[in-house]
Amino acid sequence: MAKTLYICYFGVREPLVQTQVLPYLRELMKVGIGEDAGSILPMDVSLLTFEPFREAENLAEFAVLREKLAAEGIAWEWLPYHKWPSAAATAWDILRGTIRVWRMHRRSVFDVFHCRVHVPALIGNLARKFLLNKPKVLFDVRGLFPEEYTDAGIWPRDGILFKIAKKIDKWLMRKSDGFVVLTDNAAFTVSREYRHRQGCVWATSCDNTMLCGSETI
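What follows is the structure, given as structure tokens:
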């Protein structure tokens, strides 16, 4: 059996997780992983999220959600999400996430850390540095966020934030074992810049039934 830890910098009740992440994990458990029918392995799936709402009623709800996910075969753990001050809060979340992932791996010994976008990829790669039994790290890039921020006019291309983001981006691509992007154009851009990295294109998958006001989880 192959074990994977999916690291996501969103809350489990957020629409993106409900419509994309959880359906993906459910299908992954159904079909397993392997290059052909003769090598398919069943999947053991764990999920780590960062939760923005943590009042008493939320904690009670989390206990129910954890039981529901466990019944489906998904072992869910969460950490609090911090928003302010922005850079310091994110750095704190990365530190906490790295420690939690390290501990989870010591318990379960994962084969793969599937890291959705940059903060989880930092967490996964940093945690792996301190592990003897090192899992593979899949960097699920989604969009090329430094370029997206400059295209949207949020960052100037010659600004310090863009340069820092690109350095982090390059470090993650060097350290990760593979990457996922959403379009062929993005795959061409990344492959041209990081020729030594194996990547693939996954168009966004979504459970459309979750967009019609149905119950979460």
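In numbering that gives the first Met the number 0, the protein residues as written are 0 to 216.
A virtual CB, placed ideally from N, CA and C, is assigned to each residue, including glycine.
Exclusion of the five residues before and after LYS133 leaves ARG127 as the residues of its chain whose Cβ lies within less than 8 Å of its Cβ.
In terms of Cβ geometry, HIS113 and TYR8 do not form a close pair [threshold 7 Å]. Shown here, VAL16 sits in a helix according to DSSP, grouped into three states.
Following the DSSP letters along the chain, one finds SER175 in no alpha helix (DSSP H), marked with neither H nor E.
A Cβ-Cβ contact shorter than 7 Å links ILE32 with LEU40. Counting other Cβ atoms within 10 Å of its Cβ, SER85 stays below 16 and is therefore classed as exposed. In this structure, DSSP gives ASP110 a state outside helix and strand, which the three-state scheme calls coil.
Secondary structure note for TYR23: its alpha helix (DSSP H) is the uninterrupted segment 21-30. Rounded to the nearest whole angstrom, the C-alpha separation of GLN19 and ILE159 is 33 Å.
Straight-line measurement puts the Cα of PHE161 at about 33 Å from the Cα of ARG53. Residue pairing by DSSP places TRP77 opposite THR48 in a beta bridge.
Our two residues, ALA59 and MET172, have alpha carbons roughly 39 Å apart in a direct line. Note on geometry: alpha-carbon atoms of HIS104 and ILE153 lie some 37 Å from one another.
By the neighbour-count criterion, in which 16 or more other beta carbons inside 10 Å mark a residue as buried, LEU47 falls on the buried side. Going by beta carbons, TYR23 and PRO51 fall outside the 7 Å limit. ARG115 sits buried, since 16 or more C-beta atoms from the chains shown fall within 10 Å of its C-beta. Under DSSP, the beta-bridge partners assigned to ILE6 are LEU47, CYS114. 7 Å or more divides the Cβ of THR97 from the Cβ of ILE73.
If you check the CB distance, SER107 and LYS2 come in under 7 Å. In the DSSP assignment, PHE129 falls outside any alpha helix (DSSP H), carrying neither H nor E.
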